[in-house]
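For the record, in the sequence shown the residue sitting at position 184 is 256 according to our numbering, with numbers rising by one throughout.
Backbone N, C-alpha and C define an ideal beta-carbon position, used for all residues, glycine too.
Being a predicted model, the structure only gives us computed values, none of them experimental.
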Amino acid sequence: MRYFDRTPIGTLVTRVISDIETIDDIFSQGLLMIMGDILKLVVVVIVMFVVNWKLALLSMLPIPILIWSTNIFKNSIQKSFQDVRTQVARLNAFVQEHIQGMSIVQLFGREEQEYAKFKAINREHRKAHIRSVLAYSIFFPVVEILSAISLGLLVWWGVKDTLAGDISVGEVFSYIMYINLLYRPIRQLADRFNVLQMGMVGSERVFKVLDTEAMLDDEGTASTADLRGDIRFDGMWFAYEDEQYVLKDISFEAKAGQMIALVGATGSGKSSIINVLSRAYEFQKGAVYLDGREIRDYRLSDLRRSISVVLQEVFLFSDTVHNNITLNDPSITREEVIAAAKEVGAHDFILKLPKGYDTEVGERGGILSTGQRQLLSFIRAAVYKPKVLVLDEATSSVDSLSEQLIQQATERITKGRTSIVIAHRLSTVQYADRILVLDKGAIVEQGSHQELLAQNGAYRKLYDLQFR
73 MRYFDRTPIG TLVTRVISDI ETIDDIFSQG LLMIMGDILK LVVVVIVMFV VNWKLALLSM
133 LPIPILIWST NIFKNSIQKS FQDVRTQVAR LNAFVQEHIQ GMSIVQLFGR EEQEYAKFKA
193 INREHRKAHI RSVLAYSIFF PVVEILSAIS LGLLVWWGVK DTLAGDISVG EVFSYIMYIN
253 LLYRPIRQLA DRFNVLQMGM VGSERVFKVL DTEAMLDDEG TASTADLRGD IRFDGMWFAY
313 EDEQYVLKDI SFEAKAGQMI ALVGATGSGK SSIINVLSRA YEFQKGAVYL DGREIRDYRL
373 SDLRRSISVV LQEVFLFSDT VHNNITLNDP SITREEVIAA AKEVGAHDFI LKLPKGYDTE
433 VGERGGILST GQRQLLSFIR AAVYKPKVLV LDEATSSVDS LSEQLIQQAT ERITKGRTSI
493 VIAHRLSTVQ YADRILVLDK GAIVEQGSHQ ELLAQNGAYR KLYDLQFR
């Protein structure tokens with residue numbers, strides 16, 4: 073997750089699509105053509121040396137200059153193409169982000185300002201392209217000049233030797249033809265050089281993605297088949313960036329089937345606990361146990377099937393209701409999906425959709441309300457029959473009626489499962505077995521609802537703010 077947090081979506085899209093296309097051009101327009109040009113060069117050079125080795129050597133005199141100039145221009149062209157790909161990635165990232173946030177731009181009347189930003193990025197993109205064209209436009213005439221020099225040397229030497237009677241006029245004219253044949257593939261190679269350099273830059277960027285090591289070690293071998301759901305955090309410390317801890321010395325325990333509620337101000341570390349428990353990120357110090365076994369001992373794939381997470385911001389793919397619930401897992405049947413929907417209490421509303429479970433929900437679930445999308449995420453969590461359930465701000469962004477439906481769904485889905493519930497609305501967590509109050513990454517209070525009210529501490533302040 074850390075890699076995706078740091079890398080803009082547009083940059084990844086550019087590398088996966090545009091940069092891959094430049095690599096494809098190497099093979100379709102580059103390597104095959106280059107091999108043909110090289111073969112032509114070899115044949116022409118052999119014939120030239122067989123006919124007259126002196127004239128052949130004379131014709132080759134500019135070649136070292138060509139090799140030297142190619143080496144110089146290679147670095148310049150490669151850098152210019154790197155700039156082009158970087159600017160393309162910036163442009164894609166900007167466009168992708170602003171299409172998603174177009175409603176905000178329009179509602180706040182920021183069209184002109186954002187358009188000015190787009191023009192600035194596009195201007196840099198254009199400048200990078202001009203620099204790449206300029207570098208190439210200088211390199212290609214060098215080949216033409218060297219070809220003319222080679223031809224001039226041949227004519228000078230040929231006239232001299234013809235007058236001396238050493239060679240015939242026919243040999244001179246044949247070598248003029250050979251020089252044209254020699255430099256024609258060299259010109260074509262110069263043209264292919266452009267494609268090759270762009271492909272090399274693209275492949276370098278793609279391999280940077282492929283060579284990125286996984287942030288998580290998946291060396292666990294333990295199975296979660298007989299998991300009960302006991303959770304224990306023991307002095308756990310966690311930081312998104314080195315030594316900048318957002319969770320400090322976190323210790324608590326949840327027995328199988330218990331509901332633990334996490335409350336606290338925004339930025340207190342509630343969601344970070346969930347990230348650690350689901351192994352979206354690795355913690356730095358301390359330990360986290362599941363059924364008495366260190367969480368890293370479990371196979372990551374098994375662990376994530378045993379811990380279902382309902383996030384505050386529900387993401388739905390542009391697919392059917394059924395596929396959004398199963399995430400295209402063929403092992404989950406329609407009957408299991410319907411059973412999970414009934415468990416959550418969402419079966420009736422799904423049947424009212426145009427095609428029921430086969431209804432296309434649109435991009436990001438656009439045809440559904442916020443509450444309906446939230447209920448689908450509940451079904452998605454329930455269908456995997458998890459032993460541990462995590463609800464991250466599940467009712468914080470819905471209306472009162474939807475909140476009531478989600479509360480009922482929460483009661484059904486958490487029954488018999490270890491549950492970690494995060495909420496700003498304290499009314500949703502009053503019946504939790506234990507409530508943990510977090511502040512600045514540390515647990516400052518814990519206990520039942522009544523116990524925490526009696527302490528007159530941080531929880532009491534939060535409660536009074538909401539209910540007075």
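Asked: Local conformation of Y312 per DSSP, three classes; Found: strand
Asked: Cβ contact (3+ pairs, closer than 8 Å) linking the region 220 to 229 and the region 247 to 261; Found: yes
Asked: Paired residues, beta bridge with Y503 - DSSP; Found: Note: Y503 sits in no beta bridge, so no partner.
Asked: Bridge partners - L508, DSSP secondary structure assignment; Found: L334, Q518
Asked: Cut-off 7 Å between Cβ atoms - residues of its own chain near V177, not counting five sequence neighbours on either side; Found: H170, E183, E186
Asked: Alpha carbon of L425 to alpha carbon of V493, nearest angstrom; Found: 30 Å
Asked: Between the CA atoms of I135 and L127 - distance to the nearest angstrom; Found: 14 Å
Asked: Environment of L334 [buried if 16+ CB atoms lie within 10 Å]; Found: buried
Asked: Three-state secondary structure assigned by DSSP to L113; Found: helix
Asked: Cut-off 8 Å between Cβ atoms - residues of its own chain near L253, not counting five sequence neighbours on either side; Found: K112, V116
Asked: Beta-carbon gap between D348 and F324 smaller than 8 Å; Found: The sequence shown places Val at residue 348, not Asp. Not a contact, by the Cβ cut-off of 8 Å.
Asked: Cβ neighbour criterion (16 or more within 10 Å) applied to Y531; Found: buried
Asked: DSSP-derived helix/strand/coil call for I303; Found: strand
Asked: Whole-number beta carbon distance between V382 and L448, since they are thought to touch under 8 Å; Found: Going by Cβ atoms, the distance from L448 to V382 rounds to 10 Å, so no, they are not a contact pair.
Asked: Whether L510 touches K342 by CB criterion (8 Å); Found: yes
Asked: I149, DSSP secondary structure in three states; Found: helix
Asked: Rounded separation between T398 and G173 - CA only; Found: 28 Å
Asked: Per-residue DSSP class, three states only, for I365; Found: Here residue 365 turns out to be Arg, not Ile, going by the sequence shown. In the structure shown, R365 sits in a strand (DSSP, three-state: E or B).
Asked: D401 burial status per 10 Å Cβ neighbour count (16 or more: buried); Found: exposed
Asked: Continuous alpha helix (DSSP H) stretch holding S380: start and end; Found: Taken as a continuous stretch (DSSP letters only), S380 belongs to no alpha helix (DSSP H), being part of the beta strand (DSSP E) at 379 to 382.
Asked: S246 - DSSP class collapsed to helix/strand/coil; Found: helix
Asked: I239 versus S222: straight-line alpha-carbon distance, rounded; Found: 18 Å
Asked: Bounding residues of the beta strand (DSSP E) (the contiguous stretch that carries V214); Found: Element bounds for V214: not the beta strand (DSSP E) but the alpha helix (DSSP H), 183 to 236.
Asked: Beta-bridge partners of K357, as assigned by DSSP; Found: W309
Asked: Q444 to I346 span [Cα, whole Å]; Found: 23 Å
Asked: V318 in three-state terms, based on DSSP; Found: strand
Asked: Run of the beta strand (DSSP E) containing L461, from where it starts to where it stops; Found: 460 to 464
Asked: Whole beta strand (DSSP E) elements within the region 377 to 440, 3-residue minimum; Found: 379 to 382
Asked: Proximity below 8 Å, CB of Q168 to CB of H197; Found: no
Asked: Test item: CB-CB of G488 and G364 under 8 Å; Found: no
Asked: Bridge partners - E325, DSSP secondary structure assignment; Found: R304
Asked: Beta strand (DSSP E) segment containing I451, residue limits; Found: Taken as a continuous stretch (DSSP letters only), I451 belongs to no beta strand (DSSP E), being part of the alpha helix (DSSP H) at 442 to 454.
Asked: Residues sharing a beta bridge with I492, DSSP; Found: I332, V462
Asked: Cβ neighbours of S152 in the same chain (closer than 6 Å, five flanking residues each side left out); Found: R203, S204, A207
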